[in-house]
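Peer 1: Going by this note's numbering, the sequence shown opens with residue 2, and the numbers climb by one from there.
Below: one structure in structure tokens.
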Amino acid sequence: MTQPLAYIHPEAKIAADVVIEPFVTIYGDVEIGEGTWIGSNVTIMDGARIGKNCRIFPGAVISAIPQDLKFAGEKTTVEIGDNTTIRECATINRGTKDRWKTSVGNNCLIMAYCHVGHDCQIGNNCIFSNNTTLAGHVTIDDYVVLAGMVAVHQFCHIGAHAFVTGGSLVRKDVPPYVKAAREPLSYVGINSVGLRRRGYSSDQINEIQDIYRTIFVKKHNLSNALYMIEAERQPTEIRDEILDFIRNSNRGIMKGFGNPSSF
């Protein structure tokens with residue numbers, strides 16, 4: 002259903018059952034999947050690829066050009082998965098030639114006034130609370146929760162199942178499964194509540210906790226901590242995921258609280 006007060010470019014590819022409210026503007030190079038609802042005053046610009054059963058609330062702007070002075074008009078996209086909700090006045094910019102797209106996964110909730118910068122890669126089942134801001138080139142893995150007014154520096158990587166508390170400034174990479182808080186951003190424990198909700202066993206949660214005690218709490222040098230974990234613990238999917246994340250970090254990982262010299 003399309004309201005007569007909406008403007009839809011005739012070349013836009015929109016499924017027949019998409020609901021488009023008044024005063025929506027949709028550009029020509031746009032694709033929108035079945036069952037999606039577009040609230041009033043939404044602007045969807047060239048390069049948007051929106052999945053099925055999404056909800057985009059009033060005032061959101063999807064696929065505006067990057068806020069990057071190096072952008073030279075290259076043809077790039079924003080790709081949004083199925084069942085994702087984008088609340089009021091959120092903005093998601095399309096990519097540059099670095100990654101050629103900005104992507105948001107399935108089943109995400111991006112709350113009001115959030116900003117997702119160019120070339121960000123967001124996984125599935127993520128929640129960003131109000132006013133969260135991602136600079137360009139940020140990578141967010143699955144099941145990450147960012148509380149209100151979190152600001153993430155460009156090129157940072159946040160691992161799966163991590164939780165970052167409200168008002169935090171993320172300048173370094175945040176490993177998977179942890180809770181991050183304080184200023185500067187620091188390890189304050191593992192996201193045990195979230196992990197239990199997602200079916201992780203007590204043994205798995207204890208394994209994660211033991212690994213991060215070695216890394217963040219026992220005041221080892223980071224290289225030594227990783228060597229000890231690899232030498233003393235049997236290989237598991239969880240152990241290897243944590244080790245690989247830290248070793249592949251380009252910006253370095255956040256510190257352990259009260260232990261700045263280790264990192």
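Heads up, the beta-carbon is just placed ideally off N, CA and C, and yes, glycines get one too.
1. When you compare the CB positions of R95 and A113, do they come within less than 7 Å of one another, or not?
2. Looking at the secondary structure, which residues open and close the alpha helix (DSSP H) in which R240 lies?
3. For G36 versus A13, is the C-beta spacing smaller than 7 Å?
4. Where does the unbroken alpha helix (DSSP H) through R214 begin, and where does it stop?
5. Just to confirm, are S250 and D174 a CB contact at a threshold of 7 Å?
6. Would you call R50 buried or exposed, if buried means 16 or more other Cβ atoms sit within 10 Å of its Cβ?
7. Tell me the DSSP secondary structure of S263 in three-state form.
8. If you follow the beta strand (DSSP E) that S187 is part of, which residue opens it and which one closes it?
9. What separation, rounded to the nearest whole angstrom, lies between the Cα atoms of D245 and G160?
10. From which residue to which residue does the beta strand (DSSP E) around I63 run?
11. In this structure, how does DSSP classify E80 when only helix, strand and coil are distinguished?
12. Assign G257 to one of two classes, buried (16 or more other C-beta atoms within 10 Å of its C-beta) or exposed (fewer than that).
13. Please identify the residue among V145, F72, N108, S224 whose C-alpha is closest to the C-alpha of P177.
14. In or out: I247 buried (at least 16 other Cβ within 10 Å) or exposed?
15. Please report the straight-line C-alpha distance between V1 and P67, rounded to a whole angstrom.
16. Go through its chain and collect everything with a Cβ distance to L227's Cβ below 8 Å, but skip five positions before and after it.
17. Leaving out five residues on either side along the sequence, give the residues of the same chain with a beta carbon under 8 Å from the beta carbon of R1.
18. Where DSSP assigns a beta bridge to V179, which residues make up the other side?
19. In chain order, what residues of the same chain have a beta carbon less than 7 Å from the beta carbon of F264, not counting five sequence neighbours either side?
20. Is it the case that the Cβ atoms of F164 and N192 are separated by a distance below 7 Å?
21. Should G52 be labelled buried (16 or more other beta-carbon atoms within 10 Å of its own) or exposed?
Peer 2: The answer reads as follows:
1. no
2. Here the alpha helix (DSSP H) through R240 covers 238–248.
3. Their beta carbons are not under 7 Å apart, which means G36 does not touch A13 by this criterion.
4. Careful: R214 lies outside any alpha helix (DSSP H) and carries neither H nor E.
5. yes
6. buried
7. Its pLDDT being 39, under 50, S263 is placed unreliably in this model, and the coordinates cannot settle the point.
8. Looking at the DSSP string, the run of the beta strand (DSSP E) that includes S187 is 187–191.
9. Between the C-alpha atoms of D245 and G160 there is a straight-line separation of about 11 Å.
10. 62–65
11. E80 falls in the strand class under three-state DSSP.
12. buried
13. When only C-alpha atoms are compared, the closest one is V145.
14. Buried: at least 16 other Cβ atoms inside 10 Å.
15. The displayed coordinates of the chain run from 2 to 264. Any statement about residue 1 would go beyond what the structure contains.
16. For L227, where only same-chain residues beyond five positions count, the Cβ hits under 8 Å are I216, L244, I247, R248.
17. As shown, the chain starts at 2 and ends at 264. That puts residue 1 outside it, with no answer to give.
18. For V179, which the question treats as bridged, DSSP gives the partners I191.
19. Any reading at F264 is ruled out, since the residue's pLDDT is 38, under 50, leaving its predicted position unreliable.
20. yes
21. Taking all protein chains shown into account, G52 has 16 or more neighbouring C-beta atoms within 10 Å of its C-beta and is therefore buried.
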